[in-house]
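Have a look at the structure below, then the notes.
There are 2 protein chains.
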Amino acid sequence: MNDELPARWRRAQALMAERDLAALLLTTEADLHYLAGFHTRFWQSPTRPWFLVLPATGAPVAVIPAIGAALMAQGPVRDIRTWDAPDYRDDGVSLLADALAEIAPGGRVGLPDGQGTHLRMPLAGWAALRDALPGHRFTGDGGLMARLRMVKSPAEIAAIAAACATGTRAFARLGEVLRPGLPLADAFRRFQVLCLEEGADWVAYLAGGAGRDGYADVISPAGPGPLAPGDVVMLDTGLVQAGYFCDFDRNVSLGPPAPAIAAAHARLIDATHAGFAAARPGATATDVHVAMDAVLTGGRGGGNVGRLGHGLGLELTEPPSLHPHDITELRPGMVLTLEPSLETVPGRMLVHEENIVIGEAGATWLTGPAPAEMAVL
Amino acid sequence: MNDELPARWRRAQALMAERDLAALLLTTEADLHYLAGFHTRFWQSPTRPWFLVLPATGAPVAVIPAIGAALMAQGPVRDIRTWDAPDYRDDGVSLLADALAEIAPGGRVGLPDGQGTHLRMPLAGWAALRDALPGHRFTGDGGLMARLRMVKSPAEIAAIAAACATGTRAFARLGEVLRPGLPLADAFRRFQVLCLEEGADWVAYLAGGAGRDGYADVISPAGPGPLAPGDVVMLDTGLVQAGYFCDFDRNVSLGPPAPAIAAAHARLIDATHAGFAAARPGATATDVHVAMDAVLTGGRGGGNVGRLGHGLGLELTEPPSLHPHDITELRPGMVLTLEPSLETVPGRMLVHEENIVIGEAGATWLTGPAPAEMAVL
């Protein structure tokens, strides 16, 4: 995918020009992957900061720990400046300040500062950087990176589709790893094995829950308790291939589900289809939310998940959110999850999730869609 | 481990008093796990910020998205304030500002700001928080959280030891998954399966490399190229159990290694033992570095990895660093990696890594130590 990076730089630079940004400063795994092709699991180590500076024109400059120079050089970035990190006196700050002084003398430097972003460097280093460049103005990027990354290229869509296909194959084998008496934690381990066997590079995310009436939340780690006959089991996976995520789930019932649970599942699938139909170019994220919520609650909204789906790609969750206040206009190339949830009894819920891609004529399924009737093991 | 959290609060508060901090503000996965027992893979989703405020006395206050309330309530934190995130108007900032105004009126609020830390919230939210609290002073925590987390409790050491034992069992089965002709990427997948089968909750980190003279770096993802007879293969795993990491590697040779490679491996093991012997209470991280570097280079130092080991625990890499400038005094309860590396030929290297824990009388191995003679498959 490195061949399309120069076009990404130019698109970013066109948006930078609108905001009068002389440089863009990036520090996170997804942003460095997106603009430098820098792909490694080493981000799991929090010790070292990593910097990429995109000038107003031309190629980015990498300011990174020496340990990453060989890998960075495999991508299209040629100007790679390194220091021996960790450095207890100056952990890359002066090197970065020099680069910014050279690339954007006295200019405005944009950084992602909106929802879902953070600055991946120590606050002390951030303060030292601004002290070193008193003539520079550091400002938000106006959502520039989010907007760019929201619309995926065909190669990116293919990568996400491959991750989705791997997850689909793993879910098709769910019967191999779920049975009454098995601790949920063991089911989680075994499902991750299926994902790897089917081609995942790694399983960055797995959540889920189990219970007769659904589950209390969708973010808890699996406990040691055994699965019971009649349990609904939900597994939600964010596996990664070539750096790109899928993010979808499946609910299965260990034995026939109670009628109310079966009906709740069917309604989640109805809501998914309503979201799919609404997810057309020109519609907004809000429109998709409204279409799904009409099925789920008759339009009353609510629920503690906070949204009914979201973007995905280099991160498990990306903008936009299918949320009443997200007015992002859907465009061809956006990849979304549709993720309706319902309370079944007080304190218990069911969640369903599929992945779709927006095309010129409407959405296409990347997963499923699962049938309305819940699978029974 | 939740029963020891109140003691952690009190230790943190004693250090806060030294720095005249009225509150500590924490935002990251490891810090919320450490002080609130909040353990979830949901951190993989970057959308939502999470906040924990530790007052000068008493229990912490959680200011978190509603989606996490049920899980947070399973821990010892009772004051849980939630908002429906994502919120496009105010994503938790006012709720957090209110909490800080109540808990620490006009006081000094400390945040981790040193090496290996970052603030996990949007920069725009961070600016809005300071604007909302003009009478408060936000300042660094003086390394307080790093110092606290560096010394592990017996329960934490047991958790790390369990992760190390799982990794040891997986490495003992390496012969099942490595053979000439297999793409390294497939070997990575298969080794992760072994880690899961042996009890890992998940495999947060796996890196490695292969080649006749070693590998170019230790952070690249596995390529599609096949392993060849005579290759040295290194796998370095950071698997997780109950939230705690191991971090160690093994080198194996596909067929007898070249004499120079065998000698380099033996020297890495010698350096590991030198580090082990030096890693005693009262010694510094620098002392351990010096002992290892004497074996590796005769005391000349160098190499692009930047250090010869580091702490580990709730994160793959934690302070201290075995580095010439890290004067941290070793204390019983610290868990460290010993991670010597050597250049074999220009641009190729070997790396070895073991995990140890510091006790009253010296270090104890949590892994290995591997024999000087490299394993041959």
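Top to bottom, those sequences are chains A and B.
What the first sequence shows, in UniProt numbering, is residues 1 to 377, in sequence order.
What the second sequence shows, in UniProt numbering, is residues 1 to 377, in sequence order.
We put the CB at the ideal spot given by N, CA and C, even for glycine.
>> Using only the alpha-carbon positions, how far apart do A207 of chain A and T40 of chain B sit?
In response: By one-based count along the first sequence, residue 207 of chain A stands at place 207. By one-based count along the second sequence, residue 40 of chain B stands at place 40. The alpha-carbon atoms of A207 of chain A and T40 of chain B are separated by roughly 8 Å.
> What are the partner residues of R250 of chain B, as DSSP defines its beta bridges?
Replying inline: To locate residue 250 of chain B, count along the second sequence from 1; it is residue 250. Partner(s): B:L235.
>> Run through chain A and tell me which residues come within less than 7 Å of Y205 of chain B, C-beta to C-beta.
In response: Counted from its first residue, the second sequence places residue 205 of chain B at position 205. Neighbours of Y205 of chain B on chain A, chain order: R41, Q44.
>> Per DSSP, what are the beta-bridge partners of W202 of chain B in this structure?
In response: Sequence index remark: in the second sequence, residue 202 of chain B carries index 202 (1-based). In DSSP, W202 of chain B forms a bridge with B:V240.
>> Could you check whether the Cβ of V93 of chain A sits closer than 9 Å to any Cβ belonging to chain B?
In response: Reading the first sequence from its first residue, position 93 is the one you call residue 93 of chain A. No - not a single Cβ of chain B is within 9 Å of the one on V93 of chain A.
>> Count Cβ pairs between the stretch 99-114 of chain B and the stretch 11-25 of chain B that sit closer than 8 Å; are there 3 or more?
In response: yes
>> Am I right that D31 of chain B and P112 of chain B are in contact with their C-beta atoms under 8 Å? What's the rounded C-beta distance?
In response: Stepping through the second sequence from its first residue, residue 31 of chain B is reached at position 31. Stepping through the second sequence from its first residue, residue 112 of chain B is reached at position 112. Indeed, because the Cβ distance is near 7 Å, the residues count as touching under 8 Å.
> Hey, is T367 of chain A's beta-carbon within less than 9 Å of any beta-carbon in chain B?
Replying inline: Position 367 of the first sequence, counted from the start, is the residue given in the question as residue 367 of chain A. Not an interface residue.
> With burial defined as no fewer than 16 other Cβ atoms inside 10 Å of the residue's Cβ, what is the status of P180 of chain A: buried or exposed?
Replying inline: For the purposes of this step, residue 180 of chain A is taken as residue 180 along the first sequence, with counting starting at 1. Looking at its Cβ environment, which holds fewer than 16 other Cβ atoms inside 10 Å, P180 of chain A is exposed.
>> Just checking: is the beta-carbon of I160 of chain B within a distance shorter than 9 Å of some beta-carbon in chain A?
In response: By one-based count along the second sequence, residue 160 of chain B stands at place 160. No, I160 of chain B lies away from the interface with chain A (no Cβ there is under 9 Å from its Cβ).
> Which residues in the same chain as R307 of chain A place their Cβ atom closer than 6 Å to its Cβ, once the five residues preceding and following it in sequence are excluded?
Replying inline: Here residue 307 of chain A is taken as the residue at index 307 of the first sequence, counted from 1. The answer, listed in chain order, is S321, L322, H323.
> Under the DSSP definition of a beta bridge, which residues are partnered with A111 of chain B?
Replying inline: One-based indexing of the second sequence puts residue 111 of chain B at position 111. In the sequence on display, residue 111 of chain B carries Leu and not Ala. In the DSSP output, where bridge partners are listed per residue, L111 of chain B has B:G140.
>> If I measure Cβ to Cβ from T82 of chain A and keep anything under 7 Å in the same chain, skipping five residues before and after, which residues do I get?
In response: Within the first sequence, residue 82 of chain A is the residue found at index 82, counting from 1. These residues qualify, in order along the chain: I64, P65, A66, A69.
> Can at least three beta-carbon pairs, one atom from the stretch 166-182 of chain A and one from the stretch 190-208 of chain A, be found at a separation below 8 Å?
Replying inline: yes
>> Could you pull the DSSP bridge partners for A183 of chain A from this structure?
In response: As a first step, residue 183 of chain A is located in the first sequence; it is residue number 183 there, counting from the start. Here residue 183 of chain A is Pro; the residue named in the question, Ala, does not match the sequence. Partner(s): A:P226.
> Taking Cβ-Cβ distances shorter than 8 Å, what residues in chain A pair up with A85 of chain B?
Replying inline: Position 85 of the second sequence holds residue 85 of chain B. Near A85 of chain B (Cβ distances below 8 Å), the residues of chain A are G306.
>> By the three-class DSSP mapping on this structure, what secondary structure does L194 of chain B have?
In response: In the second sequence, the residue the question calls residue 194 of chain B occupies position 194. The answer is helix: DSSP assigns L194 of chain B an H, G or I state.
>> Tell me which residue opens and which closes the alpha helix (DSSP H) that F51 of chain A is part of.
In response: For the purposes of this step, residue 51 of chain A is taken as the residue at position 51 of the first sequence. It is not in any alpha helix (DSSP H) - F51 of chain A instead sits in the beta strand (DSSP E) that spans 51-55.
>> Taking the straight line between their C-alpha atoms, what separation do you get for D141 of chain B and L52 of chain B?
In response: As a position in the second sequence, residue 141 of chain B is number 141, starting the count at 1. As a position in the second sequence, residue 52 of chain B is number 52, starting the count at 1. About 14 Å.
> For the stretch 105-131 of chain A, which residues have a beta carbon sitting closer than 7 Å to at least one beta carbon of chain B?
Replying inline: L111, D113, G114, Q115, G116, T117, H118, L119, R120, M121, P122, L123, A124
> What is the residue span of the alpha helix (DSSP H) that residue 402 of chain A lies within?
Replying inline: What the structure shows of chain A is the stretch from 1 to 377, and residue 402 of chain A is not part of that stretch, so it cannot be assessed.
>> So R189 of chain B contacts chain A; which residues on that side make the cut at Cβ distance below 9 Å?
In response: Here residue 189 of chain B refers to the residue found at position 189 of the second sequence. Correct list: L196, E197, G199, A200, D201, W202.
> Residues of chain A with CB under 8 Å from G140 of chain B, in chain order?
Replying inline: The residue labelled residue 140 of chain B in the question sits at position 140 within the second sequence. Those are L123, A124, listed as they occur along chain A.
>> Just list the residues that DSSP pairs L5 of chain A with in beta bridges.
In response: Here residue 5 of chain A corresponds to residue number 5 of the first sequence, with the count starting at 1. DSSP output for L5 of chain A lists no bridge partner at all.
> R89 of chain B to T27 of chain B, Cα distance in whole Å?
Replying inline: Position 89 of the second sequence, counted from the first residue, corresponds to residue 89 of chain B. Position 27 of the second sequence, counted from the first residue, corresponds to residue 27 of chain B. Rounded to whole angstroms, R89 of chain B to T27 of chain B spans 20 Å at the Cα level.
>> Below 8 Å, how does it come out for the stretch 261-281 of chain A and the stretch 5-18 of chain B: are there three or more Cβ pairs, yes or no?
In response: no
> Assuming I356 of chain B and L338 of chain B make a contact with CB atoms under 8 Å, what is their CB distance in whole Å?
Replying inline: Here residue 356 of chain B is taken as the residue at index 356 of the second sequence, counted from 1. Here residue 338 of chain B is taken as the residue at index 338 of the second sequence, counted from 1. Confirmed, about 6 Å.
> So, H118 of chain B versus L119 of chain A, is the Cβ gap smaller than 9 Å?
Replying inline: Here the question's residue 118 of chain B lines up with position 118 in the second sequence. Here the question's residue 119 of chain A lines up with position 119 in the first sequence. A contact, by the Cβ cut-off of 9 Å.
> Which residues bound the alpha helix (DSSP H) around R212 of chain A?
Replying inline: As a position in the first sequence, residue 212 of chain A is number 212, starting the count at 1. From DSSP, R212 of chain A is part of no alpha helix (DSSP H); its letter is neither H nor E.
>> Determine, for L336 of chain A, whether the minimum Cβ-Cβ distance to residues of chain B falls below 9 Å.
In response: Walking along the first sequence from the start, residue 336 of chain A turns up at place 336. Closer than 9 Å: no.
> Going by other Cβ atoms of all chains shown within 10 Å of its Cβ, with 16 needed for buried, is R189 of chain B buried or exposed?
Replying inline: Position 189 of the second sequence holds residue 189 of chain B. Per the 10 Å Cβ criterion, buried.
> So which residues of chain A does residue 378 of chain B contact, with C-beta pairs closer than 7 Å?
Replying inline: One cannot answer for residue 378 of chain B here, as it falls past the ends of chain B, which runs 1 to 377.
>> Just to make sure I have the definition right: I need the residues of chain A whose C-beta is within less than 9 Å of the C-beta of S321 of chain B. Which are they?
In response: Your numbering for residue 321 of chain B matches position 321 in the second sequence. Result: T47, P86, Y88.
> According to DSSP, is H310 of chain A helix, strand or coil?
Replying inline: For this step, residue 310 of chain A is matched to residue 310 along the first sequence. Here H310 of chain A sits in strand by DSSP.
>> Beta-carbon within less than 8 Å of R300 of chain B's beta-carbon, same chain only, minus the 5 sequence neighbours each way: which residues are those?
In response: The residue labelled residue 300 of chain B in the question sits at position 300 within the second sequence. Cβ neighbours of R300 of chain B beyond the five flanking positions: D293.
> Residues of chain A with a CB under 7 Å from the CB of E315 of chain B: which are they?
Replying inline: Indexing the second sequence from 1 puts residue 315 of chain B at position 315. Correct list: P46.
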